[in-house]
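Residue numbers (my numbering): 59 to 154.
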Amino acid sequence: MTSLYLFAWSFYLFFFEAKPVIIFFLTFLSGILMSIDISSRQSYLANLVRKKNLKSGIALNIILLNSAWFLGPNIGIYFMNFLALEKLYFFCTNKC
């Protein structure tokens, strides 16, 4: 689902002018997708980890998720200096 979402972003940015209403809608859609994704990953994690290690597993998952949310945009800003936004979203759609 995330690749389809990123493909919609790249399609919109490549063919149309960026309008705040569409950006807000796609950001809202991103929040919905992330809430579904995070809850499904937590339930999957509960099935993978033994009950004894469940608290540590959930804590590690949250730490890694928040680290990715912090580091991802900070690393991505360097790529924005070299590529246009539509090329970045297209790259993420095909490679991520």
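C-beta: ideal position from N, C-alpha, C; glycine also.
Item	Value
If distances are taken between C-alpha atoms only, which option among Leu-103, Ser-61, Gly-130 comes closest to Ser-88?	Ser-61
How big is the Cα-Cα spacing for Ile-116 and Ser-68?	33 Å
Return the chain-ordered list of same chain residues with a C-beta closer than 8 Å to the C-beta of Leu-143, the five sequence neighbours on each side being excluded.	Leu-71
Does Phe-137 come out as helix, strand or coil in the three-state DSSP assignment?	helix
According to DSSP, is Arg-108 helix, strand or coil?	coil
Suppose only complete runs of 4+ residues qualify. What are the alpha helix (DSSP H) ranges in the stretch 61-109, listed by chain order?	78-106
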